Amino acid sequence: MVRKEFDLVHREAMEESAEWWLQYDIQHERASNCERELIEVRKNESSSEFSKKFEALQKENAALLKNLEILNSELNAEKLKCISRKLH
27 MVRKEFDLVH
37 REAMEESAEW
47 WLQYDIQHER
57 ASNCERELIE
67 VRKNESSSEF
77 SKKFEALQKE
87 NAALLKNLEI
97 LNSELNAEKL
107 KCISRKLH
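In the working numbering, each residue's number is its place in the sequence shown (first place is 1) plus 26.
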């Protein structure tokens, strides 16, 4: 009787251990995939494609800043016209 109980408990422990190892393997695989993806992203960031995109965005930003300055100048000119009209 004791032997049967021992065998049953031992089998249950082995099954639980197998479940834990399976979960460990799944989580390990997920972590490995994330690490590979992160390495790939870092490689892409340092590539010339990233540099080209960054350069294009800098040029676009400079052009937008220039347009903003022009629009601000036009706005100030219109404000002065409005003030001038109110005074006359």
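Where is the CB? At the ideal position from N, CA and C, for every residue including glycine. This structure is a prediction, so every number in the text was calculated from the model and none was measured.
In angstroms with no decimal places, state the Cα-to-Cα distance between residue i and residue j.
i	j	result
Ser58	Leu64	10 angstroms
Val28	Leu48	30 angstroms
Lys107	Ser77	45 angstroms
His36	Arg56	30 angstroms
Asn93	Arg111	27 angstroms
Helix or strand or just coil, what does DSSP make of residue i?
i	result
Ser73	coil
Met40	helix
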